[in-house]
Amino acid sequence: MSDTPGWASPGSPAPQDHGSGQDDRPPADPAPQQPPAGHPAQPQGWTTAPPPQGPPGWGTTPPGGPQQTWGAPQPGWGQGQAGWGQGQNGGWGGWRGWHPHLFVAKPGVIPLRPLGVGEILDGAVTTARTHWRTVLTVALGIAVITQLISTLAMHYWLGDSDGLAALEDNPNPTDAEIRDALADLFAFTSITGLITLLGTVLATAMLTMVVGRAVLGRSVTIGEAWQDSRSRLPRLLGLVLLVPLAAGLAVGIPVLLAALTGSPGLTAAVAIAGIVFAIWLWISSSLAAPALILERQGVVASLRRSFKLVRGSWWRVFGITLLSVLLITVVGGIMEIPTSLIAGWVSGDGGGNPFEASSTDLSSWAYLVVSGIGAVISSTLTLPISAGVTALLYIDQRIRREALDIELARSAGVSPSGTPES
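Heads up: the sequence shown at position 27 corresponds to 27 in the UniProt record's numbering, and the numbers run straight through without jumps.
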């Protein structure tokens, strides 16, 4: 983003891909802080905060922590130097009990270091809680609009569908009646699916911008989120359409060809292989949306970035993504199942059994309004979690691969060790 330096990668040297999910980041250290006036400069390799005075051999943690958190160990601190290294009779014994993660910067919702699974989930929730005005307003507004259109379409379209009415009244429908019912159902699902897709794209773009600011400890208004994300919406829509289309063609064509051979075993094997490929493609491209929005990449370039960031960490990204999907499903179910039962009871014929489809008018206003309220609440809660987890997972992979934490700390005005920059 133009106002949050540190995201864009074009024009900078491409990071080397080590093909590993470990912390294979380059040993690039930020410039050490300058000593205060009146004090001599420290020798090269020493920290600006020397150990306190004390008897040799003590393992006391020096105050202030090291100034260089992520870089390789500097000479003179734990590499066999007399008086300072581990294993020497004198010195400080390598500061036993100290861990660099205790002294990292946290200007916003996450610490600027490689994140754990819990920290990614907590960061998504913290973003929604800290910036609730923007996050919940965006999610609620989009959920209300999409659900309103879906409710109107279901009442007026499916409620007046002759094909569906014929299926309901006739236990033995003709082929023409079945075709009419399927055509009406396909038209309805296409309209509601398109509206939901557009709403999801808009929510993803705006909420990803909010997460990008929240990591740096900066607030963002709805107007700012819209201003920063609106130019990315067409490309994001193209990305969201391209990935399922590519997966569908890559899976559907081989399955169709296998089915033409007349071999059920071959068709089943190709179908299973296609499902595995679709899952692999889904995870490999899962970080393309944050790359497109935050780095201002194109569709193809963002896909390349996602494949590069996921490579070597596929199983980790898969596990975190699957966990977030399960969490979203549980939260959504908690909100929607009770309201659906209430809607079925309210709209049933004379208070009939809501579990029986024959006693519930699914196109009645009572059913649609009550169930729609549950859907709106569910979307309002789950959209920020989904967008937040994806954006933070993207940031975590860049921290692990490209030392993004150093650039983010510089953008936030702090050093990677957590002290303000002068």
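Glycine included, each C-beta is placed from N, C-alpha and C at the ideal position.
{"Query": "Identify the continuous alpha helix (DSSP H) that holds Leu404 and give its terminal residues.", "Result": "404-412"}
{"Query": "Please determine, among Pro290, Thr192, Glu119, Met206, the residue with the shortest C-alpha to C-alpha distance to Leu136.", "Result": "Met206"}
{"Query": "Would the region 245-256 and the region 126-146 be scored as touching if the rule is three or more Cβ pairs under 8 Å?", "Result": "no"}
{"Query": "For Pro254, report the span of its alpha helix (DSSP H) as first-last.", "Result": "233-260"}
{"Query": "Report yes if the C-beta distance between Asp405 and Arg218 is below 8 Å; otherwise report no.", "Result": "no"}
{"Query": "What does the alpha-carbon distance come out to for the pair Thr267 and Glu224?", "Result": "51 Å"}
{"Query": "Measuring straight from C-alpha to C-alpha, what distance separates Leu242 and Ser347?", "Result": "40 Å"}
{"Query": "Find the nearest neighbour of Ala128 within the set Leu393, Pro384, Leu392, Gln397, judged by alpha-carbon distance.", "Result": "Pro384"}
{"Query": "On the CB-based measure, 16 or more other CB atoms within 10 Å of its CB, does Gly262 come out buried or exposed?", "Result": "exposed"}
{"Query": "Give me, in chain order, the residues of the same chain whose beta-carbon lies closer than 6 Å to that of Gly87; leave out the 5 immediate sequence neighbours on both sides.", "Result": "The predicted position of Gly87 is uncertain, since its pLDDT is 40 and thus under 50; a value taken from the coordinates is nonetheless stated next. Around Gly87: no qualifying Cβ."}
{"Query": "Express the C-alpha separation of Ala176 and Gly123 in angstroms, rounding to a whole number.", "Result": "54 Å"}
{"Query": "Could you check the C-alpha separation between Leu287 and Ser324 for me, to the nearest Å?", "Result": "14 Å"}
{"Query": "Any idea if Gln397 is buried or exposed, counting beta-carbon neighbours within 10 angstroms, 16 or more meaning buried?", "Result": "buried"}
{"Query": "Does the beta carbon of Ser363 fall short of 7 Å from some heavy atom of the ligand SAH?", "Result": "Ligands are entirely absent from the displayed structure, and the ligand SAH is therefore not among its contents."}
{"Query": "How about Leu322 and Ile120: do their beta carbons lie closer than 8 Å?", "Result": "no"}
{"Query": "According to DSSP, is Ser364 helix, strand or coil?", "Result": "coil"}
{"Query": "Check whether the region 369-378 and the region 333-346 touch, using three or more Cβ-Cβ pairs below 8 Å as the test.", "Result": "yes"}
{"Query": "Give every residue of the same chain whose Cβ lies closer than 7 Å to the Cβ of Ile195, excluding the five residues on either side of it in the sequence, and list them in chain order.", "Result": "Thr146, Ile149, Ser150"}
{"Query": "Below 8 Å on the Cβ atoms is my contact criterion, and I expect Ala387 with Thr130 to pass it. Report the Cβ-Cβ distance as a whole number of Å.", "Result": "The pair is not a contact, with the Cβ atoms about 15 Å apart (cut-off 8 Å)."}
{"Query": "Applying the criterion that 16 or more other CB atoms from any shown protein chain within 10 Å of the CB defines a buried residue, is Leu257 buried or exposed?", "Result": "exposed"}
{"Query": "Could you check where the alpha helix (DSSP H) with Ala203 kicks off and where it finishes?", "Result": "175-215"}
{"Query": "Would you mind giving the Cβ-Cβ distance between Thr390 and Leu140, rounded to the nearest angstrom? I have them listed as a contact below 8 Å.", "Result": "That belief does not hold up - the Cβ atoms of Thr390 and Leu140 are roughly 20 Å apart, past 8 Å."}
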